[in-house]
Amino acid sequence: MKKTLAFLALAFAFGFVSNAQEEYDNYFTDNQLRIDYYLYGNSDTVMYAVDRFVREPEWGGPRRHLIDSTGYGMYYFEVTLPETEEVIYSHGYCLLFGEWQTTEEALHINKGFHESVIMPFPKEPVDVTFYAKDGKLVPHEMMRVTIDPADKYIVPAPKLPYAVYNVYGDYPSDKAVDIVLLPDGYTEKEMGKFINDCNFFMESLFGYEPYSSYTDRFNIRAVMVPSQDSDITKPGEGVYKNTALSCQYWTFGSERYCMTFDNRTMKELAGQVPYDQIYILANSPKYGGGGIFNSYCVSSTGNSYSSEVIIHEFGHGFAGLADEYAYDGTCNYQHDVEPWEPNITTLVDFGSKWQEMMGRKTPIPTPAETKYEKTVGVYEGAGYQLHGVYRPKIDCLMNTFKGGKFCEVCEKAIEKMIKIYTE
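Residue numbering for the sequence shown follows my numbering, starting at 15 and increasing by one per position.
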């Protein structure tokens, strides 16, 4: 009986995978389509405008989980069949533009940002609809475009004259999380240092759970593009560098926030290899970095906390984890709305978060006392706010670097994302 049940379960699993692969093959080729577009606006308004469509050599994403069921991100897009409006692909993400809209500057001027999304290349014409969520997490349609794969204006991705260094893994892209590492602030003479820093990235990633339990589900590749100058731009110190990706500290006025606004260069470099996640390694001793969900991450590599920053920022970029630290800052979360991030809550819909991981006797909210130090609870102070937003543990790598590990809730969220890409 047990053998029969096991056989049936195995047959069902293989049947599911086969059907999912068949569904992919019905609609998509092995290539990747990149849609470049612009966002223009201020704190209250936004306008979308298409830049161009680019055919890239290889789709690096999953071929089974084609519909994004996580609900993560402040933006998402859907790919539909024109006649039936059946959704055949969707993906959630966040944008640097969305963060800028919350700044003081956005109250006074309009700005434009270049952005991109990627999807498997369609075999037949499809509609692609872009959505943005408001503060209540209600989605609004922002732009709809029709993609005809035979369109002569879909440009082939440029083959750039840069070597690719295989840092780790050689697994099929549809069964692995593909990470592309890009260098910024490494001169031609410092490419050896970049290789060492790529290996440091790999060791840092696999030095933490749950990544260390899933090393056979990652590919890490690096594109060896040199910069004119060493180190990167620091506007607050009057230091300006000519680098491959134009990363800079003091993004949006925050000294440690290190990002790039050169999206096109970043995406063209990333597209030299199959990728799910982009990570820029900045050749600087200054502490800093940043991570945007399903967009890209940055970390400096010459700081004593670089390993922790790498893993913290990848938590944002890959798993959609929120910052769990708090200060008396700007209110980024509405207290009558449950945040989309899996590791914070306003208790509006706590049942959708980690409630089932808590002990029955653990109070809600949970006092941050020594006796609860190792307890999954509901601790007030997260998402940059001292009150009204709660985190799962007293400490975690998404809060401080003191404990040196993720809490159980963050580990579960990361593991979930690994399986979405690889199973």
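Even for Gly, the Cβ is constructed at its ideal location relative to N, Cα and C. Predicted model, so just to flag it, every value in this text is computed and none were measured.
If we ignore side chains and look at the alpha-carbon of each, how far apart do residue i and residue j end up?
i: Glu327; j: Gly305; result: 5 Å
i: Leu352; j: Glu251; result: According to the sequence displayed, residue 352 carries Glu and not Leu. Going by the C-alpha atoms only, they are around 39 Å apart.
i: Ala23; j: Ile325; result: Low confidence applies to Ala23: its pLDDT is 46, below 50, so where it sits in the model is not reliable, and the reading given next is rough at best. Going from the Cα of Ala23 to the Cα of Ile325 covers about 36 Å.
i: Val178; j: Glu217; result: 19 Å
i: Lys375; j: Lys407; result: 16 Å
i: Gly437; j: Thr257; result: Before going on, a small fix: residue 437 reads as Glu here, not Gly. Their backbone Cα atoms lie some 38 Å apart in a straight line.
i: Gly85; j: Asn210; result: 37 Å
i: Ala171; j: Ser83; result: 30 Å
i: Met157; j: Leu95; result: 16 Å
i: Phe232; j: Asp342; result: 38 Å
i: Ala164; j: Leu361; result: 49 Å
i: Ile432; j: Val191; result: 7 Å
i: Lys189; j: Tyr435; result: 7 Å
i: Glu425; j: Ile49; result: 32 Å
i: Ile292; j: Lys385; result: 40 Å
i: Glu72; j: Gly418; result: 36 Å
i: Tyr225; j: Phe332; result: 12 Å
i: Lys166; j: Lys137; result: 14 Å
i: Phe420; j: Gly329; result: 9 Å
i: Pro249; j: Glu269; result: 9 Å
i: Gly373; j: Ala382; result: 16 Å
On the CB-based measure, 16 or more other CB atoms within 10 Å of its CB, does residue i come out buried or exposed?
i: Asn413; result: buried
i: Gln35; result: exposed
i: Glu99; result: exposed
i: Ala25; result: At Ala25 the pLDDT is 45, less than 50, meaning the model places this residue with poor confidence; the figure from the coordinates comes in the next sentence. With fewer than 16 Cβ atoms within 10 Å of its Cβ, Ala25 is classed as exposed.
i: Thr229; result: exposed
i: Asn40; result: exposed
i: Gly206; result: exposed
i: Met61; result: exposed
i: Pro356; result: buried
i: Asn180; result: exposed
i: Ile132; result: buried
Spell out whether any CB of chain C is found under 7 Å from the CB atom of residue i.
i: Gln115; result: No chain C appears in the structure shown, which is made up of a single protein chain.
Considering only their Cβ atoms, is the gap separating residue j from residue i smaller than 7 Å?
i: Leu259; j: Thr274; result: yes
i: Phe111; j: Val142; result: no
i: Ser187; j: Ala120; result: no
i: Val312; j: Leu283; result: no
i: Gly442; j: Ile428; result: One cannot answer for residue 442 here, as it falls past the ends of the chain, which runs 15 to 437.
i: Asn308; j: His128; result: no
i: Trp354; j: Val423; result: no
i: Tyr347; j: Val392; result: no
i: Ile168; j: Val140; result: no
i: Gly441; j: Cys272; result: Outside the shown range of the chain (15 to 437) lies residue 441, about which nothing can therefore be said.
i: Ser241; j: Thr279; result: no
i: Cys108; j: Gly75; result: no
i: Ser130; j: Lys281; result: yes
i: Val495; j: Val159; result: The structure shown does not extend to residue 495, since the chain is modelled only from 15 to 437, so the question has no answer here.
i: Leu400; j: Ala336; result: no
i: Glu338; j: Arg235; result: no
i: Ser227; j: Gly199; result: no
i: Glu394; j: Pro379; result: yes
i: Thr70; j: Gly365; result: Sequence inspection shows Glu at residue 70; the Thr mentioned does not correspond to that position. No, Cβ-Cβ distance for Glu70 and Gly365 is not below 7 Å.
i: Tyr289; j: Val194; result: yes
i: Phe2; j: Gln46; result: Coverage of the chain is limited to positions 15 through 437, which leaves residue 2 absent and any answer about it impossible.
Shortest alpha-carbon distance to residue i belongs to which of the options?
i: Ile246; options: Arg77, Lys300, Ser226; result: Lys300
i: Ser321; options: Phe220, Glu383, Asp363, Val152; result: Phe220
i: Leu53; options: Gly334, Glu72, Tyr89, Ser244; result: Tyr89
i: Ser104; options: Glu97, Val93, Glu70; result: Val93
i: Asn124; options: Ile81, Val181, Thr59, Glu97; result: Thr59
i: Phe214; options: Tyr319, Phe420, Gly365; result: Tyr319
i: Tyr176; options: Val287, Gly267, Tyr225; result: Val287
i: Glu387; options: Gly365, Cys410, Gly395, Glu370; result: Cys410
i: Glu118; options: Ile193, Phe266, Lys430, Val239; result: Phe266
i: Gly316; options: Gly365, Cys212, Lys203; result: Cys212
i: Phe42; options: His122, His154, Arg78, Gly149; result: Arg78
i: Glu370; options: Pro381, Glu383, Val390, Ala382; result: Val390
i: Gly126; options: Trp114, Tyr222, Ile132; result: Trp114
i: Leu174; options: Val239, Val101, Glu204, Asp148; result: Val239
i: Ile151; options: His349, Pro381, Ala382, Tyr222; result: Position check: residue 151 holds Leu in this sequence, whereas Ile was assumed. Considering only alpha carbons, the answer is His349.
i: Tyr310; options: Lys203, Leu196, Glu223, Phe415; result: Leu196
Report the residue ranges of all alpha helix (DSSP H) runs contained in full by the region 137 to 222; include only those spanning at least 4 residues, in chain order. The region 137 to 222 contains these whole alpha helix (DSSP H) runs: 205 to 219.
Return the chain-ordered ranges of every alpha helix (DSSP H) run that is complete within the region 262 to 314 and spans a minimum of 4 residues. Fully enclosed alpha helix (DSSP H) runs of 4 or longer: 277 to 284.
Whole runs of the alpha helix (DSSP H) within the region 91 to 130, excluding any shorter than 4 residues: The region 91 to 130 contains, as complete alpha helix (DSSP H) runs of 4+ residues, the segments 110 to 114 (chain order).
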